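Novice: Quick note on numbering: the sequence shown equals residues 17 to 604 in the working numbering.
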Amino acid sequence: EPPDTPKDFSCQTRDMKRVTCTWTEGETYLYGQNLPRYTLSETSSPKMALCKASCSKQCSCSWDIGQQRMWNVTVTVENPLGKKTATDVFDVQHRMSPTAPLQVWEDSTDTEITLHWNYEKIGIELFWQTEVLQTDGKVELHNSSDVDSRHKCVTVRGLQPYTEYVARVRCGVAKHFWRWSEWSQPLTITTKEGTPSGKLDIWREITPVLGGRNVTLFWKQTPIFQANGKIISYKVTWEKIEDGSKPESISFSSVYNSTGIFIDDHSYRISIMAKNNVNFSLPSVLIISGAPDNSRSIFSTEELKEGRVNGTGDGIFISWEPRSIYDSYIIDWCNFPRLQPCDLQWKRFGPNTSSAVISSAAFVPGVRYKFRIYGSVADKASLLEKKIGYLRELPPRLDPIVRKVDLTSNSVTLSWDSYLINESEPGFLRGYHVYVSPLQGNCSLKGSKKHILSDNSELCKYTIEDPEEKRYTVEHLTPNTTYKIVVKAFTGGGETSVFNFRYIDTPYNSNMLYFVFLLVIVPTLVAAICHWKMKWVKECCCPVIPSPNKSKVLSFKEYKIDSEKVLKINDCIPDVLAMDSNTEAQKF
Numbered sequence: 017e018p019p020d021t022p023k024d025f026s027c028q029t030r031d032m033k034r035v036t037c038t039w040t041e042g043e044t045y046l047y048g049q050n051l052p053r054y055t056l057s058e059t060s061s062p063k064m065a066l067c068k069a070s071c072s073k074q075c076s077c078s079w080d081i082g083q084q085r086m087w088n089v090t091v092t093v094e095n096p097l098g099k100k101t102a103t104d105v106f107d108v109q110h111r112m113s114p115t116a117p118l119q120v121w122e123d124s125t126d127t128e129i130t131l132h133w134n135y136e137k138i139g140i141e142l143f144w145q146t147e148v149l150q151t152d153g154k155v156e157l158h159n160s161s162d163v164d165s166r167h168k169c170v171t172v173r174g175l176q177p178y179t180e181y182v183a184r185v186r187c188g189v190a191k192h193f194w195r196w197s198e199w200s201q202p203l204t205i206t207t208k209e210g211t212p213s214g215k216l217d218i219w220r221e222i223t224p225v226l227g228g229r230n231v232t233l234f235w236k237q238t239p240i241f242q243a244n245g246k247i248i249s250y251k252v253t254w255e256k257i258e259d260g261s262k263p264e265s266i267s268f269s270s271v272y273n274s275t276g277i278f279i280d281d282h283s284y285r286i287s288i289m290a291k292n293n294v295n296f297s298l299p300s301v302l303i304i305s306g307a308p309d310n311s312r313s314i315f316s317t318e319e320l321k322e323g324r325v326n327g328t329g330d331g332i333f334i335s336w337e338p339r340s341i342y343d344s345y346i347i348d349w350c351n352f353p354r355l356q357p358c359d360l361q362w363k364r365f366g367p368n369t370s371s372a373v374i375s376s377a378a379f380v381p382g383v384r385y386k387f388r389i390y391g392s393v394a395d396k397a398s399l400l401e402k403k404i405g406y407l408r409e410l411p412p413r414l415d416p417i418v419r420k421v422d423l424t425s426n427s428v429t430l431s432w433d434s435y436l437i438n439e440s441e442p443g444f445l446r447g448y449h450v451y452v453s454p455l456q457g458n459c460s461l462k463g464s465k466k467h468i469l470s471d472n473s474e475l476c477k478y479t480i481e482d483p484e485e486k487r488y489t490v491e492h493l494t495p496n497t498t499y500k501i502v503v504k505a506f507t508g509g510g511e512t513s514v515f516n517f518r519y520i521d522t523p524y525n526s527n528m529l530y531f532v533f534l535l536v537i538v539p540t541l542v543a544a545i546c547h548w549k550m551k552w553v554k555e556c557c558c559p560v561i562p563s564p565n566k567s568k569v570l571s572f573k574e575y576k577i578d579s580e581k582v583l584k585i586n587d588c589i590p591d592v593l594a595m596d597s598n599t600e601a602q603k604f
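Take a look at the structure:
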């Protein structure tokens with residue numbers, strides 16, 4: 017293909033002595049002696065080449081300019097298939113792109129950096145730009161004008177003490193700006209140490225002991241605290257408030273973030289300061305009241321009801337009742353409540369805050385965490401509320417042990433031991449579930465809910481929502497039937513799998529047996545007796561000749577004379593008259 021017109025053709029100078037023109041080479045798909053040839057010439061003298069071009073990724077060509085300032089330069093490219101040209105007209109003073117500053121060095125204080133460098137005079141006024149890169153990636157640019165000296169410098173102020181910065185410098189022509197120079201080599205600088213700014217965040221834990229109190233002090237750096245150097249130690253000072261006695265103090269290496277001291281039952285003022293190689297920070301102060309008012313600790317047995325709190329996706333949500341007298345609130349807790357030390361943590365909140373989500377990478381499901389909420393005013397903290405909760409509740413590890421089973425033909429009463437509730441439980445006990453099912457067939461007991469197991473078997477489910485309950489009666493059972501039954505404890509995290517059934521057999525219904533006894537056994541017994549004493553029964557009930565003394569009809573008064581029963585002949589018409597004996601007959 018014929019050559020393309022040279023692209024991005026442009027010329028510039030770095031020192032007002034030589035001009036360099038650059039352009040991009042096009043693809044012709046020709047090789048060897050047919051490669052394109054480039055010629056650079058002034059338009060007014062096209063036959064006189066200014067320089068010889070060289071091409072790799074980009075083509076360039078340079079020549080001395082002497083005293084000439086205005087130039088009209090043409091680049092010509094040609095091969096056996098054609099020829100193309102490109103032209104650039106320029107004033108050398110308008111095409112100045114200085115070289116990068118060399119030999120850059122610095123000196124610094126805790127808040128300033130001064131960069132120095134040497135630069136050869138080129139007879140044109142320059143201005144300088146300094147770039148300062150902070151460790152967080154933020155970039156600051158500082159511009160400064162030229163100084164009529166070979167030695168140049170610029171001061172950057174308002175920096176942080178004991179902080180690492182990366183600085184570099186470049187320059188450009190102040191009048192008729194064309195392009196920036198390249199950056200100087202980057203210089204890594206650390207500002208000097210300064211006095212620590214801000215205060216440490218401090219807290220305490222108080223344990224009453226014989227003769228006084230053990231106080232464990234904790235401290236940590238807050239976002240507003242700036243060490244401004246390398247912290248080398250911490251200083252703890254405590255003194256009685258009432259009698260103004262001489263303060264006591266002790267220093268610790270920077271590797272520590274807690275310590276323990278013993279104080280008596282008086283009120284104390286405690287302060288903690290951080291120290292670097294320059295000075296101490298401002299003291300952080302807390303006031304511990306006298307023992308009668310401040311015996312509250314994580315080991316205290318005082319009566320303060322613990323409220324329950326719930327976990328969220330981000331942590332554990334805690335709320336409290338705000339009081340207008342406090343200027344801040346503090347919540348403390350243990351990251352590892354089952355260990356000693358438990359890694360006590362705390363967090364501060366403003367006076368207008370009444371809820372917070374406490375989060376920690378140490379929080380795990382199934383562990384009960386305790387939270388204490390303090391109100392603070394004038395550096396004195398008072399315990400306000402206690403909370404307990406889980407990041408997420410898990411099912412209970414154990415099920416209640418059924419100690420007694422009372423059976424009737426249509427009910428069963430289960431009694432179990434009190435469920436052991438302690439801090440190691442993976443959730444708050446909410447109640448119990450009783451599961452019942454006949455060994456054969458499905459369950460459809462009145463008052464129950466259907467529950468399907470993973471194997472698609474069906475159970476009847478009863479819910480007891482009182483965790484203090486230890487007894488339950490399942491009714492409407494069928495007599496003479498085998499049932500499987502189990503009691504499960506449940507928490508906010510549910511319950512474990514339903515298994516370990518107890519098997520029971522309901523007895524026959526006693527009322528039914530009694531009814532059967534009356535309808536069958538008694539008549540059968542009577543019939544047997546009658547059959548055995550048939551002659552006697554016949555004589556008693558159906559004699560051939562009735563005895564007057566055995567007649568029911570003659571039991572009335574009017575048929576009695578003295579003690580004898582009398583039947584008057586005229587009162588009835590007999591079919592046959594027979595005389596029992598002559599003696600009896602003569603009486604009549």
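Virtual Cβ for every residue (Gly too), placed ideally from N, Cα, C.
These figures come from a predicted structure and were not determined experimentally.
Using 8 Å as the threshold, is the segment 234-252 in touch with the segment 281-298, meaning 3 or more CB pairs across them?
Specialist: Below 8 Å, enough C-beta pairs join the segment 234-252 and the segment 281-298 to call them touching: three or more.
Novice: Can you round the beta-carbon distance between S453 and Y499 to whole angstroms, since I take them to be within the 8 Å contact cut?
Specialist: Translated into positions along the sequence shown, residue 453 becomes position 437. Translated into positions along the sequence shown, residue 499 becomes position 483. Right, the Cβ-Cβ distance comes to about 7 Å (below 8 Å), so this counts as a contact.
Novice: Measure from the alpha carbon of L410 to the alpha carbon of each residue in N368, A397, V380, then state which is nearest.
Specialist: Here residue 410 refers to the residue found at position 394 when the sequence shown is read from its first residue. Nearest of N368, A397, V380 to L410, Cα basis: V380.
Novice: Drop a sphere of 10 angstroms on the beta-carbon of Y435, count the other beta-carbons inside from all chains shown, and report buried for 16 or more, exposed for fewer.
Specialist: To locate residue 435, count along the sequence shown from 1; it is residue 419. By the neighbour-count rule (16 or more Cβ atoms within 10 Å), Y435 is buried.
Novice: Could you check the C-alpha separation between L17 and T115 for me, to the nearest Å?
Specialist: Position 1 of the sequence shown, counted from the first residue, corresponds to residue 17. Position 99 of the sequence shown, counted from the first residue, corresponds to residue 115. The residue asked about is misnamed: residue 17 is Glu in this sequence, not Leu. So the alpha carbons of these two residues sit roughly 39 Å apart.
Novice: Report yes if the C-beta distance between F193 and G214 is below 7 Å; otherwise report no.
Specialist: One-based indexing of the sequence shown puts residue 193 at position 177. One-based indexing of the sequence shown puts residue 214 at position 198. No; because the gap between Cβ atoms is not below 7 Å, this pair is not in contact.
Novice: Looking at C-alpha atoms only, which residue of F365, V393, E141, I129 is the closest neighbour of S305?
Specialist: In the sequence shown, residue 305 corresponds to position 289, counting from 1. Checking every option, the nearest Cα to that of S305 belongs to V393.
Novice: Between T38 and S76, is the Cβ-Cβ spacing less than 7 Å?
Specialist: As a first step, residue 38 is located in the sequence shown; it is residue number 22 there, counting from the start. As a first step, residue 76 is located in the sequence shown; it is residue number 60 there, counting from the start. Yes, the pair counts as a contact, with Cβ atoms nearer than the cut-off.
Novice: Could you please give me the residues that DSSP links to P224 through a beta bridge?
Specialist: Taking the first residue of the sequence shown as 1, we reach residue 224 at position 208. R229, per the DSSP bridge assignment.
Novice: Whole angstroms are fine: how far does the CA of T29 sit from the CA of I81?
Specialist: Numbered from its first residue, the sequence shown carries residue 81 at position 65. Numbered from its first residue, the sequence shown carries residue 29 at position 13. So the alpha carbons of these two residues sit roughly 9 Å apart.
Novice: My understanding is that V185 touches W144, with C-beta atoms under 8 Å, so please give their C-beta distance in whole angstroms.
Specialist: If you number the sequence shown from 1, residue 185 lands on position 169. If you number the sequence shown from 1, residue 144 lands on position 128. By a beta-carbon distance limit of 8 Å, V185 contacts W144. Their separation comes to about 6 Å.
Novice: Out of F352, I374, L302, L320, point me to the one whose CA is closest to S335's CA.
Specialist: The count along the sequence shown starts at 1 and reaches residue 335 at position 319. The option with the nearest alpha carbon to S335 is I374.
Novice: On the DSSP letters alone, give me the boundaries of the beta strand (DSSP E) that C350 sits inside.
Specialist: Position 334 of the sequence shown, counted from the first residue, corresponds to residue 350. Run containing C350: 344-350, per the beta strand (DSSP E) assignment.
Novice: Going by DSSP, name the residue or residues bridged to A243.
Specialist: Along the sequence shown, read from residue 1 onward, the residue named residue 243 stands at position 227. DSSP output for A243 lists no bridge partner at all.
Novice: With DSSP run on the structure shown, which of helix, strand or coil describes V155?
Specialist: Stepping through the sequence shown from its first residue, residue 155 is reached at position 139. Strand, per DSSP.
Novice: Pairing CB atoms from the segment 420-435 with CB atoms from the segment 360-369, are three or more of them under 8 Å?
Specialist: By the Cβ test, the segment 420-435 is not in contact with the segment 360-369, since fewer than three Cβ pairs between them sit closer than 8 Å.
Novice: Please classify L175: does DSSP put it in a helix, a strand, or coil?
Specialist: Position 159 of the sequence shown, counting from 1, holds the residue named residue 175. Three-state DSSP puts L175 in coil, outside helix and strand.
Novice: With a cut-off of 8 Å, do at least 3 Cβ pairs link the segment 317-332 to the segment 254-274?
Specialist: no
Novice: Exposed or buried, what is C350 when buried is set at 16 or more other beta-carbons lying within 10 Å of its beta-carbon?
Specialist: Locating residue 350 in the sequence shown gives position 334, counting from the first residue. By the 10 Å Cβ count, C350 comes out buried.
Novice: Taking only the alpha-carbon atoms, compute the straight-line gap between N134 and R111 and give it to the nearest angstrom.
Specialist: Walking along the sequence shown from the start, residue 134 turns up at place 118. Walking along the sequence shown from the start, residue 111 turns up at place 95. In a straight line, the C-alpha of N134 is about 23 Å away from that of R111.
Novice: Please go through the same chain and pick out, in chain order, the residues whose beta-carbon is closer than 6 Å to the beta-carbon of I314, but skip the five residues on each side of it.
Specialist: Position 298 of the sequence shown, counted from the first residue, corresponds to residue 314. Residue confidence is low: I314 scores 39 on pLDDT, short of 50, so the model does not pin down where it sits. No coordinate-derived value is stated.
Novice: Alpha carbons only, please: which of P202, F278, E147, G188 is nearest the one belonging to S113?
Specialist: Along the sequence shown, read from residue 1 onward, the residue named residue 113 stands at position 97. Cα-wise, what sits closest to S113 is G188.
Novice: Helix, strand or coil for M86? Go by DSSP, reduced to three states.
Specialist: In the sequence shown, residue 86 corresponds to position 70, counting from 1. M86 falls in the strand class under three-state DSSP.
Novice: How big is the Cα-Cα spacing for F234 and I218?
Specialist: Locating residue 234 in the sequence shown gives position 218, counting from the first residue. Locating residue 218 in the sequence shown gives position 202, counting from the first residue. Taking the straight line from one Cα to the other gives about 6 Å.
Novice: Here's the rule: buried if 16 or more other CB atoms are within 10 angstroms of the residue's CB, otherwise exposed. What is N244?
Specialist: Counting from 1 along the sequence shown, the entry for residue 244 is found at position 228. N244 comes out buried.
Novice: Answer with buried or exposed for A601, where buried requires no fewer than 16 other C-beta atoms within 10 angstroms of its C-beta.
Specialist: Working through the sequence shown from its first residue, we reach residue 601 at position 585. Any reading at A601 must be qualified, since the residue scores a pLDDT of 49, below 50, and its modelled position is unreliable; no value is offered.
Novice: Anyone know if the C-beta pair for K403 and G331 falls short of 7 Å?
Specialist: For this step, residue 403 is matched to residue 387 along the sequence shown. For this step, residue 331 is matched to residue 315 along the sequence shown. No. Outside cutoff.
Novice: Which residues does DSSP pair with K500 in a beta bridge?
Specialist: Reading the sequence shown from its first residue, position 484 is the one you call residue 500. According to DSSP, K500 bridges with S453, Y519.
Novice: Can you round the beta-carbon distance between I286 and Y345 to whole angstroms, since I take them to be within the 8 Å contact cut?
Specialist: Along the sequence shown, read from residue 1 onward, the residue named residue 286 stands at position 270. Along the sequence shown, read from residue 1 onward, the residue named residue 345 stands at position 329. Rounded, the Cβ-Cβ distance is 20 Å, inconsistent with contact.
Novice: Can the beta-carbon of D343 be found closer than 7 Å to that of F352?
Specialist: In the sequence shown, counting from the first residue as 1, residue 343 sits at position 327. In the sequence shown, counting from the first residue as 1, residue 352 sits at position 336. In this structure, D343 keeps its C-beta atom at 7 Å or more from the C-beta atom of F352.
Novice: Three-state secondary structure (DSSP) at I257?
Specialist: Walking along the sequence shown from the start, residue 257 turns up at place 241. If DSSP states are grouped into helix, strand and coil, I257 belongs with coil.
Novice: By how many angstroms is the C-alpha of E141 removed from the C-alpha of S376?
Specialist: Counted from its first residue, the sequence shown places residue 376 at position 360. Counted from its first residue, the sequence shown places residue 141 at position 125. Distance between the alpha carbons of S376 and E141 is about 59 Å.
Novice: Measure the C-alpha to C-alpha separation of F604 and A543 and round it to an integer number of angstroms.
Specialist: If you number the sequence shown from 1, residue 604 lands on position 588. If you number the sequence shown from 1, residue 543 lands on position 527. Confidence is the limiting factor: at F604 the pLDDT is only 48, short of 50, which leaves the residue's position unreliable, though a coordinate-based value still follows. Their backbone Cα atoms lie some 42 Å apart in a straight line.
Novice: Restricting to Cα atoms, I'd like to know which of G382, C169, S261 is closest to F283.
Specialist: Here the question's residue 283 lines up with position 267 in the sequence shown. Per the sequence presented here, residue 283 reads as Ser, with Phe not at that position. The residue with the shortest Cα to Cα distance from S283 is S261.
Novice: Around the Cβ of A190, are there at least 16 other Cβ atoms within 10 angstroms (buried) or fewer (exposed)?
Specialist: As a first step, residue 190 is located in the sequence shown; it is residue number 174 there, counting from the start. The residue in question, A190, is exposed, as its Cβ has fewer than 16 Cβ neighbours within 10 Å.
Novice: Mind checking who C358 pairs with in its DSSP beta bridge?
Specialist: Translated into the one-based positions of the sequence shown, residue 358 becomes position 342. In the DSSP output, where bridge partners are listed per residue, C358 has none listed.
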